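Structure, as structure tokens:
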Amino acid sequence: MDLLPGHNSMFWKIGRLKTFENWPFQSSDNSCNPERMAAAGFYVVGGMNT
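What the sequence shown shows, in full-length UniProt numbering, is residues 1 to 50, in sequence order.
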């Protein structure tokens, strides 16, 4: 019996990080970079045209 969500779930940071593929702030010195945003629990919903 699995009690934890799968590895692609938004529960895990790695799943959230994958959603930032087209995020405009990719630089590591940017305070809104994908690593920091995913670590804080955020993820991207939608595409480039939304």
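Cβ atoms here follow ideal geometry from the backbone N, Cα and C, with glycine treated the same way. Computed from a predicted model, the values in this text were never measured in an experiment.
Candidates the options: closest to residue i by CA position
i   : options      : result
E35 : E21, G6, S9  : E21
V45 : L4, N33, M10 : M10
With 16 other Cβ atoms within 10 Å as the buried cut-off, status of residue i
i   : result
A38 : buried
C-alpha distance - residue i paired with residue j, whole-angstrom precision
i   : j   : result
L17 : D29 : 17 Å
G6  : P24 : 27 Å
G15 : Y43 : 9 Å
N33 : S27 : 6 Å
L4  : K13 : 13 Å
N8  : S31 : 24 Å
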